[in-house]
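Visitor:
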Amino acid sequence: MPIVALPRPAAHTSSRTAKFRGAFANHFKVKWLVMAGAKDSPGVARTLDNLYQYPFFTPPANVAYALFVDVDRPGAEVEIFERLPAEIHPSWVIATPNGAQAGWFIDPVDLRDSAHDHPIRYARNVGKALRTVVGGDPLVDPVSPSRVRNPAYEHAGTFARSITPIYTLGNLYSALKAAGLWTYEPMQFSNGKPVVEPTTGSLPVGGRNKGVFDAARFVAYDGGDYVAAAWAANDRCVIPLKANEVHTIINSIARFMATKGYLRINGPTTNMPEGMRRVLSEMGRRGGLANTPAQRAARAKGPAAAAAARKQCAKQHAKHAQHLRRKGLSRTQIAAKLGKHPSTVSRYMRRWIPVPMSEMLACVTGASGGAPFPRPLPHSHYRSIQALPQCYQQVEHPAKPKSPPPERCRKVHNPRLGPWLRSNLLPRRRQQR
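Quick note: the sequence shown uses the UniProt record's numbering, first residue 1, plus one each step.
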């Protein structure tokens, strides 16, 4: 598939530029991006239908949809395709005044704080390998750069395919490995500090960012004033960098030192005390040797045995809670006594647990907390009681027959009615009858 520059779209045809712009918007699963009219201008949030109006944009910070490489070398837009295998050519290349910027569409990689670290490191290592092959700027993060050129800008002069490929990290790694271009090597450390060589001499136009960065971070690893070293290295440049670019380098070094642990509160770190080291070593030794028969049996039973044990324990707690409730304790008192939350006690109360007959006869029921009912006496006790005299016997007087209320008054006769309604409305209805 040939790679050609995208022409300006025509009004009556679906051009290559329109297809690439649609593929770019479809791959970035976002509603808006932070776009800018210049490299140093403040960014504004715009929807994706405004992509063609802004030459710069900031990739999303929570998900990586592409890898970016910036090359500060004249003629880099052609050399990028020559140095890479054909199966992993960039998805797009944009010519810049100092060189070119290349991008590869990749499967989305989660960059949030809650995401796994391995996919992020894998994507960053693949991006660094691509950057090393094409000779890119090491200060530009291939996964989450601060600001890059917009390939969907109508005047960008983007080189891209008509069908834009979307790579997986495994495909990029395999192609680089097969071509012998996987040159990523872990950083060498000495006494907990990365081993680097200081940059001396004048810095040409193509290596200013890397030269200032190396000179400043070498001083930072030794705990020195890397801010002054960055400005001093910038003075050695043939054409010094702008002030905001130097500040970006300084801030990048400061974030790295604060994150990786080589610098804390503007000072070097201290070694762990020997006493603490011995204590932690002993704890690790004991933890590694602990493998009793009970532990092996518990691991063999698996989670089902643990669930059964927890169920039996919860049942005993519920039984104890209901017993305390029958004694008259409130929910808060039961929670304090059992060391549980009141909501847990409420769940205990909703359980159905059979109560023994002896406890059922002796318990105090109801919310009033009154005395328990007396036990029923045996039949022999009732036979031994003599009949009471006639004067103590209860005499039943005949009750007067009550006449039923009228039909019209039955519906109105309500104990909730006020005294005025009962004394005024009811007599009037009786008079009307």
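Even glycine gets a Cβ: it sits at the ideal position worked out from N, Cα and C.
Note that the coordinates shown come from a computational prediction; the quantities given were computed from them, not determined experimentally.
Keeping to the same chain, check which residues put their C-beta closer than 8 angstroms to that of S144; ignore five residues upstream and five downstream.
Guide: The answer, listed in chain order, is P59, A61, A64 and L111.
Visitor: If we ignore side chains and look at the alpha-carbon of each, how far apart do L241 and A100 end up?
Guide: If you take the alpha carbons of L241 and A100, they lie about 18 angstroms apart.
Visitor: Exposed or buried, what is V279 when buried is set at 16 or more other beta-carbons lying within 10 Å of its beta-carbon?
Guide: It is exposed - the Cβ of V279 has fewer than 16 other Cβ atoms within 10 Å.
Visitor: Nearest to N50 by alpha carbon, out of E245, L176 and A152?
Guide: The residue with the shortest Cα to Cα distance from N50 is A152.
Visitor: Kindly list the residues whose CB is nearer than 6 angstroms to the CB of A294, restricted to its own chain and excluding five residues on each side of it in sequence; keep chain order.
Guide: No residues qualify anywhere along the chain.
Visitor: Here's the rule I'm using: 16 or more other beta-carbon atoms within 10 Å means buried, otherwise exposed. How should V93 be labelled?
Guide: So V93 counts as buried.
Visitor: Do T168 and A23 have their C-beta atoms closer together than 8 angstroms?
Guide: No, Cβ-Cβ distance for T168 and A23 is not below 8 angstroms.
Visitor: May I ask you to report which of helix, strand or coil DSSP gives T17?
Guide: Residue state, collapsed to three classes: helix.
Visitor: How many Å lie between A102 and F213 at the Cα?
Guide: Approximately 22 angstroms between the Cα atoms of the pair.
Visitor: Going by beta carbon distance, what residues of the same chain come within less than 7 angstroms of A229, once the five residues before and after it are set aside?
Guide: A215, A216 and V219, listed in sequence order.
Visitor: What is the DSSP secondary structure of Y52, reduced to helix, strand or coil?
Guide: Helix at Y52.
Visitor: For K29, collect the residues of the same chain with a Cβ closer than 8 angstroms to its Cβ; drop the 5 residues on either side in sequence, then sort them by chain order.
Guide: Hits under 8 angstroms: V63, Y65 and P108.
Visitor: Which residues bound the beta strand (DSSP E) around D107?
Guide: From DSSP, the beta strand (DSSP E) with D107 extends over A100 to D110.
Visitor: Which residues in the same chain have their Cβ closer than 7 angstroms to the Cβ of R124, if we skip the five residues on either side of it in sequence?
Guide: Closer than 7 angstroms at the Cβ level, and outside the excluded window around R124, lie P142 and V143.
Visitor: If you check the beta carbons only, do W32 and T17 fall under 8 angstroms apart?
Guide: No, they are not a contact pair.
Visitor: How many angstroms separate the CA atom of V133 from the CA atom of A156?
Guide: Computed Cα separation, rounded: 24 angstroms.
Visitor: Would you mind giving the Cβ-Cβ distance between R149 and F56, rounded to the nearest angstrom? I have them listed as a contact below 8 angstroms.
Guide: Yes, R149 and F56 are in contact; Cβ-Cβ is about 6 angstroms, under 8 angstroms.
Visitor: Can you give me the start and stop residues for the alpha helix (DSSP H) that I334 sits inside?
Guide: I334 -> alpha helix (DSSP H) spans R331 to L338.
Visitor: Using the Cα positions of I265 and Y348, report the straight-line distance between them to the nearest angstrom.
Guide: Confidence in I265 is poor, its pLDDT being 41 and thus under 50, which makes the residue's placement unreliable; the coordinate value appears in the next sentence. So the alpha carbons of these two residues sit roughly 52 angstroms apart.
Visitor: Tell me, please, whether the segment 308 to 327 touches the segment 349 to 356 by the rule of three or more beta-carbon pairs shorter than 8 angstroms.
Guide: Because the criterion of three Cβ pairs below 8 angstroms is met, the segment 308 to 327 and the segment 349 to 356 touch.
Visitor: Which residues share a DSSP beta bridge with W92?
Guide: DSSP, once it has assigned bridges, lists G103 and A160 as partnering W92.
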